Structures are given as structure tokens and as C-alpha cells.
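Some notes on the structure that comes next.
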Amino acid sequence: MVIVSNETFQPWQVLADYERERVGLGGQYGATAVFVGTMRSLNQGHTVEAMTLEHYPGMTEKYLARVCEEAAGKWEVMDCFVRHRYGRILPDESIVLIATWSQHRKQALAACQYIIDELKIRAPFWKQEVTDRGHSWVSPE
Amino acid sequence: MVIVSNETFQPWQVLADYERERVGLGGQYGATAVFVGTMRSLNQGHTVEAMTLEHYPGMTEKYLARVCEEAAGKWEVMDCFVRHRYGRILPDESIVLIATWSQHRKQALAACQYIIDELKIRAPFWKQEVTDRGHSWVSPE
Amino acid sequence: MSIRVRYFASIRELLGRDEDVLDAASEMTVTEVWQQAAQCEAPANTLVAVNEEFSHWKQAIDDGDEVAFFPPVTGG
Amino acid sequence: MSIRVRYFASIRELLGRDEDVLDAASEMTVTEVWQQAAQCEAPANTLVAVNEEFSHWKQAIDDGDEVAFFPPVTGG
Numbered sequence: 757m758v759i760v761s762n763e764t765f766q767p768w769q770v771l772a773d774y775e776r777e778r779v780g781l782g783g784q785y786g787a788t789a790v791f792v793g794t795m796r797s798l799n800q801g802h803t804v805e806a807m808t809l810e811h812y813p814g815m816t817e818k819y820l821a822r823v824c825e826e827a828a829g830k831w832e833v834m835d836c837f838v839r840h841r842y843g844r845i846l847p848d849e850s851i852v853l854i855a856t857w858s859q860h861r862k863q864a865l866a867a868c869q870y871i872i873d874e875l876k877i878r879a880p881f882w883k884q885e886v887t888d889r890g891h892s893w894v895s896p897e
Numbered sequence: 757m758v759i760v761s762n763e764t765f766q767p768w769q770v771l772a773d774y775e776r777e778r779v780g781l782g783g784q785y786g787a788t789a790v791f792v793g794t795m796r797s798l799n800q801g802h803t804v805e806a807m808t809l810e811h812y813p814g815m816t817e818k819y820l821a822r823v824c825e826e827a828a829g830k831w832e833v834m835d836c837f838v839r840h841r842y843g844r845i846l847p848d849e850s851i852v853l854i855a856t857w858s859q860h861r862k863q864a865l866a867a868c869q870y871i872i873d874e875l876k877i878r879a880p881f882w883k884q885e886v887t888d889r890g891h892s893w894v895s896p897e
Numbered sequence: 183m184s185i186r187v188r189y190f191a192s193i194r195e196l197l198g199r200d201e202d203v204l205d206a207a208s209e210m211t212v213t214e215v216w217q218q219a220a221q222c223e224a225p226a227n228t229l230v231a232v233n234e235e236f237s238h239w240k241q242a243i244d245d246g247d248e249v250a251f252f253p254p255v256t257g258g
Numbered sequence: 183m184s185i186r187v188r189y190f191a192s193i194r195e196l197l198g199r200d201e202d203v204l205d206a207a208s209e210m211t212v213t214e215v216w217q218q219a220a221q222c223e224a225p226a227n228t229l230v231a232v233n234e235e236f237s238h239w240k241q242a243i244d245d246g247d248e249v250a251f252f253p254p255v256t257g258g
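Protein chains in written order, with this note's numbering: chain C, 757 to 897; chain S, 757 to 897; chain H, 183 to 258; chain Z, 183 to 258.
Put into C-alpha cells, the structure is as follows:
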């Protein structure tokens, strides 16, 4: 499942709710791998008050769904979950949550790593930081 | 923090509680990586009714604390958390929870992977499965 | 033919607008879409999507296509 | 000197007990501890810990040490 939303979310609550409502996988998976990206109040030495995350509605969801499919094709994962914020984000708020479920740990870990790496490289999101020096677009890694 | 306990635990609740009670890291970490190992009801084609997880009290905690220190030395992680069950475990119950917090995603992911890999190779736990064919010790990977 | 052209992030700021609609007489490439719509040089590393899929500057565009231009991404 | 010898998992089951206490007159290696306490051949791949740290069969043992024998681990 892919959710792109401007609502704040608490990653552990999201995962608890998601697993509770999902049917048919109980007892089948042996491994869950999770990555959470969180907004920091300090970036490369300067204080960041807030961030605005722009995205390309439609393309974002399509791209993330494709990356999940690719991950499920490369490794034996039973389910993938991605949730990503957009809009105004404050320090300590979650930006992205990725979770993968598999029978085996290596598959779950590899798929989770793949999804976050691909998301970082290609998902159409753009961060703009609000600092004491004004607004500025974040440079890619 | 390392916790080895025979109590069942809900990994997402444990993480929510742990982050809420921890002081001083809010806004500082940008990446959290998590691994959860869960008991499966099917292993290598046969149904598993329950599992008994034996461990070496004292050595287990010491070993896991050392692995966390090693991970923190190899990668810039701000905090590591490991919780592991022992005793009688039923399908769909969590066996192990590992979480790492870092400024950067590669560090968090690498440290989490390192801890679960080292735990699998060396932490003194032994699984015994209860199946319709009786009790049997699980073979190492 | 009619083509929707969209701009995101720093490209949107550079051009001062988030989209254009082109009415074109004949088939165009993505490069020609940029030239006709933006009327300036594209910043280095500008990325291109056609109908919400990553594409390239030589891609031929059909009537009704949506073409988007944006800088390197910084999500996650 | 007195040495606590502990057995876990399949080794514990093999020997039918979870520990022995050895009273030894002189310094011993882990191998000698096993021989004197278990009085049988150690299963292949048996692992050794001394004072809750991984060790090896040639390790010399001191008075008050705890020596543990167990099979390959299967946690996580």
C-alpha cells in the first residue's frame, strides 16, 4: 500500500493499525524491516525551523507503487507499505515510513533498503528548508 | 538498551513507548531502521504449533550489549534498542525487535542489519519447535 | 494538438508559473516542448516526465500528453 | 579449585543435566573440563563460552570460572 498525504503520522501507530487491519498474513511472515525518515532540526550545521515538501501528485503514487512491485519481484516479500508526507513539516515529524514483510530476514531487509534507495533517487519530491537565512531548496545527496 | 524477557511484546507499542520516554534525541535523528522477527506457523513445510526459546541468561544480555556497542562504533548511530523473547512462543508472536537511530539513513540501516546478523550468528539462543512430529531443535541457518 | 506542461520546485520558481498549455501544429519532442513553453535555457540536471513517467528530451509527444520538468528529487 | 560447568539446549539434553561443578586439583583447559565433566565425546560444532564470553577449547581455566557448552545458536 502506498499513501502520500499531507497529514502528520506516528509511524509506530500506523504500523500497528496497518497490521491489525490486514488479513491473512498472521503467522506467515517471519521478518519485518522498517525504515522511518524524520525531520531534523539541524541540517549541515544550520538550524531548520520547518520544511516544505513539494511533490508531483499522481506521479509520486505511481512511482512508489512501481518501486514496491519491483521490490516484490526481486525478493520474496509478502507485503510492502510506504507512507510519505508532503506539505509543511516540522522538526521531529516523520517524513517517510517504509515497511516490508517476508518469510525471511534477508529478503525483508533487502526490499526495504531497495525501496528507500529508489525513493531517494527518483520519487518526485522536493524539499525546501525554512532557516534563519530564508527559504532554500535542499540539494540532492 | 537491551531487554531479554519471556514476556510477549507488541513491537510498535514498544517503540512508541521507548521513543516517548527517551529524552534529548527529538529533532536530532533523521533515520530509524527496524527489524522485527516473528514466529511463523509454518517452517520448511511443516506446521509449528509453538516454540520454546532457550537462552544463556547473563551471557545473552552481555553479548547483545556488546554488539550494540560495536554497531555504534562502526556507524554513527545515536541509539540502539534490542528486545528478544525467550520461553514459550506462539505463532505470530514477536521474537526479536531491533531498532537503530542515526542522523543518516545508510548508517541506521547498516547498524540494524549488523545487529540482526551478529545476533543470528552468535547470540546464545536455541529454538525448539513443537510440531505434530514432537519436539525438535531448529538447525542453524 | 494540446499539451499540458508542468513545472515543479525550483523550475516552477524560475519560470514564475506552475504550468503552460501548448497548442502545437505538429508533433514535437520534449526539447521542443521546453523551448516553446519555457522560452529560456533549461537548468542543468533538469529531469523530464511524460504522462507521469520518467522520460528523456528526445521523446516524441502526442496530443493530450502531459510533460513535466523538475530538478533532481530530494524526498525521503 | 572449583569450576561451574553449564550445558544448554541439545547438549543439556544429551547429558541429561544442565550443570556440573568440578573440583580440580590443577589448572585445566576447556577440553579437559569437558572430558572430566561430560565424560563423553563432544558433538561436532559444540561451542564454548568462558565466563559468558565466547572462547575456545584450548583456553586455560581459573578457579571460579564458569564454562559453558552449547550447540550452534538459532535465535532471532
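Positions of the beta carbon are idealized from the N, C-alpha and C atoms, including for glycine. The structure presented is a predicted model; accordingly, all values stated were derived computationally and were not measured.
For the stretch 848-891 of chain C, list the alpha helix (DSSP H) runs that are entirely contained and at least 4 residues long, ordered along the chain. Counting whole runs of 4 or more residues, the stretch 848-891 of chain C contains the alpha helix (DSSP H) stretches 861-878.
On the premise that Phe251 of chain Z lies in contact with Val232 of chain Z, defined as a C-beta separation below 8 Å, what is that separation, rounded to the nearest angstrom? Position 50 of the fourth sequence, counted from the start, is the residue given in the question as residue 232 of chain Z. Position 69 of the fourth sequence, counted from the start, is the residue given in the question as residue 251 of chain Z. The C-beta distance from Val232 of chain Z to Phe251 of chain Z rounds to 11 Å, too long to fall under 8 Å, and the pair is not in contact.
Classify Phe236 of chain H: buried if its beta carbon has 16 or more other beta carbons within 10 angstroms, exposed otherwise. In the third sequence, counting from the first residue as 1, residue 236 of chain H sits at position 54. It counts as exposed.
Tell me whether the stretch 813-826 of chain C and the stretch 796-808 of chain S touch, counting them as touching only if at least three CB pairs, one residue from each stretch, are closer than 8 Å. Short answer: they don't touch.
Which residue marks the beginning of the alpha helix (DSSP H) containing Tyr812 of chain C, and which one marks its end? The sequence position of residue 812 of chain C within the first sequence is 56, counting from 1. Element bounds for Tyr812 of chain C: n/a, residue is neither H nor E.
Where the stretch 873-888 of chain C meets chain H: residues whose CB sits under 7 Å from a CB there: The residues in question are Leu875, Lys876, Arg878, Ala879, Pro880, Phe881, Trp882, Lys883.
Over what stretch of residues does the alpha helix (DSSP H) that includes Asp205 of chain Z continue unbroken? Sequence index remark: in the fourth sequence, residue 205 of chain Z carries index 23 (1-based). Here Asp205 of chain Z belongs to no alpha helix (DSSP H); instead the beta strand (DSSP E) covers 201-205.
Tell me which residues share the same chain as Thr856 of chain C and place their Cβ nearer than 6 Å to its Cβ, disregarding the 5 neighbours each side in the sequence. The residue you call residue 856 of chain C lines up with position 100 of the first sequence. Non-local beta-carbon contacts of Thr856 of chain C in its own chain, meaning distances under 6 Å to residues more than five positions away in sequence, involve Ala789, Val833, Cys836, Ala864, Ala867, Cys868 in chain order.
Determine the chain S residues that contact Thr228 of chain Z at a beta-carbon separation under 7 Å, and present them in chain order. Translated into the one-based positions of the fourth sequence, residue 228 of chain Z becomes position 46. In chain order: nothing, as chain S lies at least about 13 Å away.
8 Å Cβ cut-off: residues of chain C touching Ala191 of chain H: Along the third sequence, one-based indexing puts residue 191 of chain H at 9. For Ala191 of chain H, the chain C residues whose Cβ falls inside 8 Å of its Cβ are Glu810, Trp882, Gln884, Trp893, in order along the chain.
For a contact meaning CB atoms closer than 9 Å, what does His840 of chain C contact in chain H? Walking along the first sequence from the start, residue 840 of chain C turns up at place 84. Near His840 of chain C (Cβ distances below 9 Å), the residues of chain H are Gly257, Gly258.
Residue environment, Val838 of chain S, which counts as buried when at least 16 other CB atoms sit within 10 Å: Counting from 1 along the second sequence, the entry for residue 838 of chain S is found at position 82. Under this definition Val838 of chain S is a buried residue.
Under 8 Å by Cβ, that's how I've got Ala224 of chain H and Val187 of chain H pegged, so tell me the actual separation to the nearest angstrom. Taking the first residue of the third sequence as position 1, residue 224 of chain H is located at position 42. Taking the first residue of the third sequence as position 1, residue 187 of chain H is located at position 5. Rounded to the nearest angstrom, the Cβ distance from Ala224 of chain H to Val187 of chain H is 12 Å, too far for a contact under 8 Å.
Would you identify the three-state DSSP class for Asp835 of chain C, choosing helix, strand or coil? Along the first sequence, read from residue 1 onward, the residue named residue 835 of chain C stands at position 79. DSSP places Asp835 of chain C in strand when its eight states are reduced to three.
Contact set between Val852 of chain S and chain Z, taken where Cβ atoms lie within less than 8 Å: For the purposes of this step, residue 852 of chain S is taken as the residue at position 96 of the second sequence. What Val852 of chain S touches in chain Z: Gly257, Gly258.
Residue-level contact to chain S via CB, Gln869 of chain C, 8 Å cutoff: Counting from one through the first sequence, the residue named residue 869 of chain C turns up at place 113. Cβ-Cβ to chain S under 8 Å: yes for Gln869 of chain C.
What does Asp835 of chain S reach in chain C if we use C-beta pairs closer than 7 Å? To locate residue 835 of chain S, count along the second sequence from 1; it is residue 79. The contacting residues do not exist; Asp835 of chain S stays about 13 Å from chain C at best.
Nearest CA to the CA of Thr228 of chain H: which residue from C:Ala787, C:Ser850, C:Arg878, C:Thr887? Numbered from 1 along the third sequence, position 46 holds the residue referred to as residue 228 of chain H. By alpha-carbon distance to Thr228 of chain H, the top candidate from C:Ala787, C:Ser850, C:Arg878, C:Thr887 is C:Arg878.
Could you give the C-beta distance for Pro880 of chain S and Pro254 of chain Z, rounded to a whole number, given that I count them as a contact under 8 Å? Locating residue 880 of chain S in the second sequence gives position 124, where the first residue counts as 1. Locating residue 254 of chain Z in the fourth sequence gives position 72, where the first residue counts as 1. Contact doesn't hold; Cβ gap of about 10 Å is too wide.
Collapsed DSSP secondary structure at Gln788 of chain C in the structure displayed: Counting from one through the first sequence, the residue named residue 788 of chain C turns up at place 32. For the sequence presented, residue 788 of chain C should be read as Thr rather than Gln. For Thr788 of chain C, the three-state secondary structure derived from DSSP is strand.
Residues bridged to Gly843 of chain S by DSSP? In the second sequence, residue 843 of chain S corresponds to position 87, counting from 1. In DSSP, Gly843 of chain S forms a bridge with S:Leu809.
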